[in-house]
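**Student:**
There are 2 protein chains.
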Amino acid sequence: MAVFWEHGYEATSTEQLLQAMGIGRQSMYAAFGDKHGLYLAALERYQARQGAALLDRLRAVASPLGAIEDILLGVAGEAPEARARGCLGIQSIVEMARRDPDVVLLARSATAVCEAAFERMVAEAKRRGEVGPHVDERSAGRFLLTTLQGLRISARTGATPEALRAVAGFAIAALKASPPSASS
Amino acid sequence: MAVFWEHGYEATSTEQLLQAMGIGRQSMYAAFGDKHGLYLAALERYQARQGAALLDRLRAVASPLGAIEDILLGVAGEAPEARARGCLGIQSIVEMARRDPDVVLLARSATAVCEAAFERMVAEAKRRGEVGPHVDERSAGRFLLTTLQGLRISARTGATPEALRAVAGFAIAALKASPPSASS
DNA sequence: GTCGTTCTTGACTGCGCTGTCAAAAATAAA
DNA sequence: TTTATTTTTGACAGCGCAGTCAAGAACGAC
Numbered sequence: 046m047a048v049f050w051e052h053g054y055e056a057t058s059t060e061q062l063l064q065a066m067g068i069g070r071q072s073m074y075a076a077f078g079d080k081h082g083l084y085l086a087a088l089e090r091y092q093a094r095q096g097a098a099l100l101d102r103l104r105a106v107a108s109p110l111g112a113i114e115d116i117l118l119g120v121a122g123e124a125p126e127a128r129a130r131g132c133l134g135i136q137s138i139v140e141m142a143r144r145d146p147d148v149v150l151l152a153r154s155a156t157a158v159c160e161a162a163f164e165r166m167v168a169e170a171k172r173r174g175e176v177g178p179h180v181d182e183r184s185a186g187r188f189l190l191t192t193l194q195g196l197r198i199s200a201r202t203g204a205t206p207e208a209l210r211a212v213a214g215f216a217i218a219a220l221k222a223s224p225p226s227a228s229s
Numbered sequence: 046m047a048v049f050w051e052h053g054y055e056a057t058s059t060e061q062l063l064q065a066m067g068i069g070r071q072s073m074y075a076a077f078g079d080k081h082g083l084y085l086a087a088l089e090r091y092q093a094r095q096g097a098a099l100l101d102r103l104r105a106v107a108s109p110l111g112a113i114e115d116i117l118l119g120v121a122g123e124a125p126e127a128r129a130r131g132c133l134g135i136q137s138i139v140e141m142a143r144r145d146p147d148v149v150l151l152a153r154s155a156t157a158v159c160e161a162a163f164e165r166m167v168a169e170a171k172r173r174g175e176v177g178p179h180v181d182e183r184s185a186g187r188f189l190l191t192t193l194q195g196l197r198i199s200a201r202t203g204a205t206p207e208a209l210r211a212v213a214g215f216a217i218a219a220l221k222a223s224p225p226s227a228s229s
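Quick mapping for you: the protein sequence lines, in order, are chains A and B.
Mapping to this note's numbering: the first sequence position 176 is 221, numbers consecutive.
Mapping to this note's numbering: the second sequence position 78 is 123, numbers consecutive.
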């Protein structure tokens with residue numbers, strides 16, 4: 046739900062939620078039980094959509110490396126408002142992880158989905174020769190998700206599209222790179 | 046302040062703050078004005094300490110590349126409690142950036158300090174031949190900070206030290222790597 | 001010991017919060 | 001049109017919050 050995304054859990058009142066959803070108090074409590082239940086539902090839905098969007102990105106581009114580029118550079122290409130809004134998944138972890146095991150479980154699940162998606166992209170890129178055979182797709186998948194998360198934090202801090210592109214470009218170059226020479 | 050770090054701004058009560066600081070209510074309000082002023086003071090102090098710790102890391106290791114490795118791998122090497130606690134700087138951005146320009150200013154300042162520190166490390170590593178001359182130290186500096194932030198998010202999500210090491214190792218390998226071959 | 005300053009502490013104001021209650025309104029089915 | 005169900009809405013309970021007030025305690029200087 047956009048208001049949780051905008052304000053976070055604690056700073057969002059039930060009144061704001063009611064207005065955003067356009068339903069009455071009783072209906073909200075009947076459907077979700079309490080504010081916390083609504084938050085989990087919103088988070089689950091958000092993560093499902095993000096996962097689906099990742100897969101869409103992969104299908105939309107013939108080249109898996111191109112899809113990876115699309116995703117990383119896409120952060121820089123977002124509208125300023127979207128960049129500032131950031132990612133509800135990260136926000137939920139930062140705000141709630143210490144005291145809400147349900148949020149942690151959802152986050153781990155979403156993380157696994159995203160890492161697996163990136164891993165498949167890297168594996169496919171290796172098959173096509175877009176990425177060197179030395180690259181470990183498992184580590185690369187984790188690296189790409191970590192980079193994406195870092196990019197979102199930077200975006201929320203107000204990093205320019207140029208700075209974000211530089212970071213994304215660096216990460217992409219890291220994938221394409223040859224292994225360090227023997228003297229390393 | 047550890048309680049802001051642990052719970053965030055909204056979920057920390059003034060009562061908790063008083064107990065953590067061991068002073069009376071009036072003294073806190075006299076010294077800081079209000080809860081928000083205390084938060085900014087805590088954040089500023091935290092960021093100063095993190096910046097100093099980064100510089101200490103650089104001095105502690107003869108090799109700048111070794112210092113970078115130390116920092117990135119250090120996330121994986123932290124105690125589970127510290128990994129779970131994460132970074133107050135990231136937390137402040139995620140929780141407060143949308144509605145607190147003071148937090149944004151502090152975050153940008155801290156970001157500039159960290160990026161500059163990493164940039165100097167990379168520049169020195171280039172001088173010593175630890176990193177290829179093709180590496181742009183500005184982009185690499187930003188990339189390293191973004192990676193560090195992503196690592197902290199992953200740590201807070203519950204990523205294992207092994208997974209964190211894999212990501213850190215990947216990023217470090219990215220620095221050491223030769224440029225992509227001409228066929229790229 | 002006295003005095004002035006600072007800090008602590010209990011009490012409190014004013015407010016907002018989450019969630020419940022119940023009556024009224026809206027909606028759908030017969 | 002009537003009835004049953006669902007939703008909306010205002011009112012409210014119970015509570016916690018940030019911040020203020022003022023009296024008592026602690027401390028340091030003389």
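For each residue, glycine too, the CB sits at the ideal point set by N, CA and C.
Between the Cα of Leu150/A and those of Leu110/A, Glu89/A, Gln71/A, Arg183/A, spot the shortest distance and give me the residue it belongs to.
**Tutor:** The residue given as residue 150/A occupies position 105 in the first sequence. The shortest C-alpha separation from Leu150/A is found at Glu89/A.
**Student:** Which residues in the same chain have their Cβ closer than 6 Å to the Cβ of Ile113/B, if we skip the five residues on either side of it in sequence?
**Tutor:** Translated into the one-based positions of the second sequence, residue 113/B becomes position 68. Correct list, in chain order: Met166.
**Student:** When the cut-off is 8 Å and only beta carbons count, does Leu63/B lie next to chain A?
**Tutor:** For the purposes of this step, residue 63/B is taken as the residue at position 18 of the second sequence. No, its Cβ sits nowhere closer than 8 Å to a Cβ of chain A.
**Student:** Sorry if obvious, but does the Cβ on Leu99/B come closer than 7 Å to a heavy atom of the ligand SAH?
**Tutor:** Of the ligands one can find in the structure shown there are none, so the ligand SAH has no counterpart to examine.
**Student:** In whole angstroms, what is the alpha-carbon distance linking Ala56/A and Leu83/A?
**Tutor:** Translated into positions along the first sequence, residue 56/A becomes position 11. Translated into positions along the first sequence, residue 83/A becomes position 38. Roughly 15 Å separates the two Cα atoms.
**Student:** Does the structure place the stretch 157-164 of chain A close enough to the stretch 91-104 of chain A that three or more beta carbon pairs sit under 8 Å?
**Tutor:** In short, these stretches touch, since the Cβ pair count reaches three.
**Student:** Just to make sure I have the definition right: I need the residues of chain A whose C-beta is within less than 7 Å of the C-beta of Phe188/B. Which are they?
**Tutor:** Locating residue 188/B in the second sequence gives position 143, where the first residue counts as 1. Neighbours of Phe188/B on chain A, chain order: Val212, Phe215, Ala216.
**Student:** Measure the C-alpha to C-alpha separation of Leu133/B and Met141/B and round it to an integer number of angstroms.
**Tutor:** Translated into positions along the second sequence, residue 133/B becomes position 88. Translated into positions along the second sequence, residue 141/B becomes position 96. Answer to the nearest angstrom: the Cα atoms are 11 Å apart.
**Student:** Hey, does Gly195/B have any beta-carbon neighbour from chain A nearer than 8 Å?
**Tutor:** Walking along the second sequence from the start, residue 195/B turns up at place 150. Yes, Gly195/B lies at the interface with chain A (some Cβ there is under 8 Å from its Cβ).
**Student:** Jot down the residue ranges of each uninterrupted alpha helix (DSSP H) in the stretch 133-175 of chain B, minimum 4 residues, whole runs only, in chain order.
**Tutor:** DSSP runs (the alpha helix (DSSP H)) wholly in the stretch 133-175 of chain B: 133-141, 146-172.
**Student:** Can you tell me whether Ser154/A is buried or exposed? The criterion is at least 16 other CB atoms within 10 Å of its CB, across all chains shown.
**Tutor:** Counting from one through the first sequence, the residue named residue 154/A turns up at place 109. Exposed.
**Student:** Counting only beta-carbon atoms, is Gly119/A nearer than 8 Å to chain B?
**Tutor:** Your numbering for residue 119/A matches position 74 in the first sequence. Answer no: the Cβ-Cβ gap between Gly119/A and chain B never drops below 8 Å.
**Student:** From Ala211/A to Gly53/B, what does the alpha carbon distance come to, in whole angstroms?
**Tutor:** In the first sequence, the residue the question calls residue 211/A occupies position 166. In the second sequence, the residue the question calls residue 53/B occupies position 8. So the alpha carbons of these two residues sit roughly 31 Å apart.
**Student:** Quick test of the definition: if touching needs 3 or more C-beta pairs under 8 Å, does the stretch 107-127 of chain A touch the stretch 71-86 of chain A?
**Tutor:** Judged by Cβ distances under 8 Å, the stretch 107-127 of chain A makes no contact with the stretch 71-86 of chain A, as fewer than three pairs qualify.
**Student:** From the DSSP output, which residues share a beta bridge with Ser223/B?
**Tutor:** Here residue 223/B refers to the residue found at position 178 of the second sequence. Beta-bridge pairing links Ser223/B to Ser223/A.
**Student:** Would you kindly check if the distance between the Cβ of Leu103/A and the Cβ of Glu175/A is under 8 Å?
**Tutor:** Counting from one through the first sequence, the residue named residue 175/A turns up at place 130. Counting from one through the first sequence, the residue named residue 103/A turns up at place 58. Not a contact, by the Cβ cut-off of 8 Å.
**Student:** Between the C-alpha atoms of Val148/A and Ile138/A, what's the straight-line distance to the nearest angstrom?
**Tutor:** By one-based count along the first sequence, residue 148/A stands at place 103. By one-based count along the first sequence, residue 138/A stands at place 93. Taking the straight line joining both Cα atoms gives about 7 Å.
**Student:** Is the beta carbon of Arg201/A closer than 8 Å to that of Gly122/A?
**Tutor:** The residue given as residue 122/A occupies position 77 in the first sequence. The residue given as residue 201/A occupies position 156 in the first sequence. Result no, Cβ atoms of Gly122/A and Arg201/A do not sit closer than 8 Å.
**Student:** Taking C-beta to C-beta, are Ala65/B and Ala222/A nearer than 8 Å?
**Tutor:** On the second sequence, position 20 is the one that residue 65/B refers to. On the first sequence, position 177 is the one that residue 222/A refers to. Taking 8 Å as the Cβ cut-off, Ala65/B and Ala222/A do not qualify as a contacting pair.
**Student:** Would Thr156/B pass as a contact of Leu190/B if the rule is Cβ separation under 8 Å?
**Tutor:** As a position in the second sequence, residue 156/B is number 111, starting the count at 1. As a position in the second sequence, residue 190/B is number 145, starting the count at 1. Yes. Within cutoff.
**Student:** So with Cβ pairs under 8 Å, would you call Val149/B a contact of chain A?
**Tutor:** Start at 1 with the first residue of the second sequence, and residue 149/B comes out as number 104. So, interface residue.
**Student:** Chain B beta carbons: is any one of them nearer than 8 Å to that of Arg153/A?
**Tutor:** Position 108 of the first sequence, counted from the start, is the residue given in the question as residue 153/A. At least one chain B Cβ lies under 8 Å of Arg153/A.
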